[in-house]
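S.K.: Protein chains in written order, with the working numbering: chain H, 626 to 807; chain D, 984 to 1408.
Just so it is clear, CB atoms sit at the ideal spot from N, CA and C, and this is done for glycine as well.
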């Protein structure tokens, strides 16, 4: 594993938190678009409309996710479980700076509570950046998380874009929607 | 070989200036699918006390011999096993040297040897363990486990001798200890069981011994992975306040840390079957500025130098009291469970010392905590020692007619915890 520099200047072999001082390591890799991570260049990000010149999103955007049971994901996982037939998709507005995603229990009340046995109690977290966009981090979950079919490295923030599809657990899909007004 | 997963339960938000991070980490091996017969190599030694007192009454030794037979019958074929008879010295009664593989023939021979046992002599538990240790030495690759049964005090050696033997045995094999009758000392057996990562319990009636031996052998045979260590990394400037197994029983592991690097230590947890255990970990870290996030601990499991399963203990400093004042349910529950065990042990000690006021106070607190934590079994045992006026306030009166066996049962089982209700299936 190559060393990553932490905010205190230590060379850390772990990429999530410094293996010397414990400081959280963010933005280790250069991300061209702070809004969504797509390659930048022009005045606006082509993927999400982030305004490079003004360094803020172009318009007030409402972020939400659609949570549903995805039969295709379920087929890929091939878990020996029963697919929840008839579960209605639900829309969750991202109106908090941080929303945790996890399997609901009487103890844990994640903002996005999932009734999926292969989801960890503390599975992933969505967090809002200064520009209003959201990023996701898998919190070292047991069965992992994918974004557009790519596995997320644990405890690493990955910026999200409109249309991203997050998969986790035995059947859960979380689709990202960015609705713009004005 | 087991596959380990770890999950952290904590409130990572700390108020400004706070320096202690508390978390409960649940470690699960292979998804907890119920008991299975293990597949790894195993070695088993049954150590039975044959001192003179085991013949008074004769039912004790007879029950011990019968229970040993039941244990032998429940060994998996091929498991290396042996039987040691213990007095003021230790004697390998079957086989006479080393261990043999369990088969119909060797089981029958072992039971025949056991049936010849006669009571006579003293008690030196350290000598029995030393013989078991040297016998296990030829089976280092196996998961080594012993059952130790005694009925009396460890009179024929000094506490120092026993401590030295325990030091030599640590990490070499695990040992579940049972006391039969009421003439043994809970503290003696707890010391042995704790050092050798085993359980301790009282068997007041000889009749119950066989079922208990069967259960212990079944548990030993279900172990799949030996010598598992819990590894804890902490940041520079941090100090581990404690690492405590809190479920299924309380066992403080803090003093057993073996440093593997400057900021990393391993804590021994023994052999695992398909099971889940909870650990309460407290780490002191230097306070940071509001909004700072740091990793206070990284927990993983280590088997033969291979790391598997990982969970993070975080700290985020905030001035938002709504976040920082929330006490995590698991942490609160197990803090109460640890206090419960302590209150019982201190209460019983005060009672024996004739300090009725302290005993009433401590046992009252224990009743309160047991009622609050949902420890039904412990509460039942407490009612044998105190009359409960009000479990909510912990108002109790000491009973005058206390059965010694019931008092000892309360003492030995004081460290047995329950999990947070409704958390897991």
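1. Under 8 Å Cβ-Cβ, which residues of chain D neighbour residue 817 (chain H)?
2. Rounding to the nearest angstrom, what Cα-Cα distance links residue 1209 (chain D) and residue 1229 (chain D) in this structure?
3. Should residue 753 (chain H) be flagged as near chain D, meaning a C-beta pair shorter than 8 Å?
4. Report the rounded CA-to-CA distance for residue 938 (chain D) versus residue 1364 (chain D), giving the unit in angstroms.
5. What are the start and end residues of the alpha helix (DSSP H) that includes residue 998 (chain D)?
6. With residue 697 (chain H) and residue 802 (chain H) assumed to form a contact (beta carbons below 8 Å), what rounded beta-carbon distance in angstroms separates them?
7. Does residue 1117 (chain D) come within less than 8 Å of chain H when only Cβ atoms are used?
8. Report yes or no: do three or more beta-carbon pairs, one from the segment 773–780 of chain H and one from the segment 714–724 of chain H, lie closer than 8 Å?
9. When we look at the beta-carbon of residue 1404 (chain D) and count the other beta-carbons within 10 Å, is it buried (16 or more) or exposed?
10. When you compare the CB positions of residue 767 (chain H) and residue 694 (chain H), do they come within less than 8 Å of one another, or not?
11. Return the CA-CA distance between residue 1246 (chain D) and residue 1227 (chain D), expressed in angstroms with no decimal places.
12. Helix, strand or coil: how does DSSP classify residue 793 (chain H) here?
13. Name the residues in the segment 1270–1288 of chain D whose C-beta lies less than 7 Å from a C-beta of chain H; which are they?
14. Alpha carbon to alpha carbon, how far is residue 1311 (chain D) from residue 994 (chain D)?
15. If you compare alpha carbons, which of D:1116, D:1157 and D:1129 is closest to residue 1148 (chain D)?
16. Is residue 1119 (chain D) helix, strand or coil when you go by DSSP?
17. Identify which residue in D:1006, D:1002 and D:996 has its Cα closest to the Cα of residue 990 (chain D).
18. DSSP three-state call for residue 1187 (chain D): helix, strand or coil?
19. If we ignore side chains and look at the alpha-carbon of each, how far apart do residue 1060 (chain D) and residue 1204 (chain D) end up?
20. Excluding the five sequence neighbours on either side, which residues of its own chain have a C-beta within less than 6 Å of the C-beta of residue 1158 (chain D), listed in chain order?
21. Please name the residue or residues paired with residue 786 (chain H) in a DSSP beta bridge.
22. What did DSSP end up calling residue 1343 (chain D) once you bin it into helix, strand or coil?
23. Buried or exposed: which applies to residue 1054 (chain D), given that a residue is buried once 16 or more other Cβ atoms fall within 10 Å of its Cβ?
24. Report yes or no: do three or more beta-carbon pairs, one from the segment 1306–1320 of chain D and one from the segment 1329–1344 of chain D, lie closer than 8 Å?
25. So, helix, strand or coil for residue 1310 (chain D), using DSSP?
26. Curious, which full-length beta strand (DSSP E) runs of at least 3 residues does the segment 1107–1172 of chain D contain?
27. Measuring alpha carbon to alpha carbon, tell me which residue in H:692, H:790 and H:687 is nearest residue 738 (chain H).
28. Counting along the chain, where does the beta strand (DSSP E) carrying residue 727 (chain H) start and finish?
29. Name, in chain order, the residues that DSSP records as bridge partners for residue 1294 (chain D).
30. Mind checking which residues open and close the beta strand (DSSP E) that includes residue 1251 (chain D)?
31. Can you find the residues in the same chain that come closer than 7 Å, C-beta to C-beta, to residue 789 (chain H), ignoring five residues on each side of it along the sequence?
32. Between which two residues does the beta strand (DSSP E) harbouring residue 687 (chain H) extend?
33. Determine, for residue 649 (chain H), whether the minimum Cβ-Cβ distance to residues of chain D falls below 8 Å.
34. Start and end of the alpha helix (DSSP H) containing residue 649 (chain H)?
35. Could you list which residues in chain D have their beta carbon closer than 9 Å to that of residue 759 (chain H), in chain order?
36. Please identify, using Cβ separations under 7 Å, the residues of the segment 760–778 of chain H that lie next to chain D, in order along the chain.
M.R.: Here's the rundown:
1. Only positions 626 to 807 of chain H appear in the structure, and residue 817 (chain H) is not among them; the question remains open.
2. Cα to Cα, the separation comes out at about 20 Å.
3. Under the Cβ distance rule, residue 753 (chain H) does not count among the residues neighbouring chain D, no pair being separated by less than 8 Å.
4. No answer is possible for residue 938 (chain D): the residues shown for chain D start at 984 and end at 1408.
5. That residue, residue 998 (chain D), is in no alpha helix (DSSP H); its beta strand (DSSP E) goes 996–998.
6. Cβ atoms of residue 697 (chain H) and residue 802 (chain H) stay farther apart than 8 Å, at about 19 Å.
7. With 8 Å as the cut-off, residue 1117 (chain D) does not count as an interface residue toward chain H.
8. The segment 773–780 of chain H is not in contact with the segment 714–724 of chain H.
9. So residue 1404 (chain D) ends up on the exposed side.
10. Cβ atoms of residue 767 (chain H) and residue 694 (chain H): not closer than 8 Å.
11. The alpha-carbon atoms of residue 1246 (chain D) and residue 1227 (chain D) are separated by roughly 18 Å.
12. Strand.
13. Residues of the segment 1270–1288 of chain D that bring their beta carbon within less than 7 Å of a beta carbon in chain H comprise 1276, 1277, 1278 and 1279, in sequence order.
14. Note on geometry: alpha-carbon atoms of residue 1311 (chain D) and residue 994 (chain D) lie some 5 Å from one another.
15. Selected option, being the one with the closest Cα: D:1116.
16. It is helical.
17. Looking at the Cα atoms, D:1006 is the closest of the given residues.
18. It is coil, neither helix nor strand.
19. Annotation: residue 1060 (chain D) to residue 1204 (chain D) spans about 11 Å, alpha carbon to alpha carbon.
20. These residues qualify, in order along the chain: 1129, 1131, 1179 and 1181.
21. Its beta-bridge partners do not exist; DSSP assigns none.
22. The answer is helix: DSSP assigns residue 1343 (chain D) an H, G or I state.
23. By the 10 Å Cβ count, residue 1054 (chain D) comes out buried.
24. Too few Cβ pairs lie closer than 8 Å, so no.
25. In the three-state DSSP reduction, residue 1310 (chain D) falls in the coil class, being neither helix nor strand.
26. Runs of the beta strand (DSSP E) lying entirely within the segment 1107–1172 of chain D and spanning at least 3 residues, in chain order: 1126–1133 and 1157–1163.
27. Just measuring C-alpha positions, the residue of H:692, H:790 and H:687 sitting nearest residue 738 (chain H) is H:692.
28. For residue 727 (chain H), the enclosing beta strand (DSSP E) has its first and last residue at 723–728.
29. As DSSP reads the structure, residue 1294 (chain D) sits in a beta bridge with D:1282.
30. Boundaries of the beta strand (DSSP E) harbouring residue 1251 (chain D): 1247–1255, taken from the DSSP string.
31. Taking C-beta separations shorter than 7 Å and ignoring five residues to either side along the sequence, the partners of residue 789 (chain H) in its chain run 772, 773 and 801, following chain order.
32. Residue 687 (chain H) -> beta strand (DSSP E) spans 686–694.
33. So, interface residue.
34. Run containing residue 649 (chain H): none; DSSP gives neither H nor E here.
35. What residue 759 (chain H) touches in chain D: nothing, since even the nearest Cβ is about 18 Å away.
36. Within the segment 760–778 of chain H, 765 and 767 place their CB atoms closer than 7 Å to a CB of chain D, listed in sequence order.
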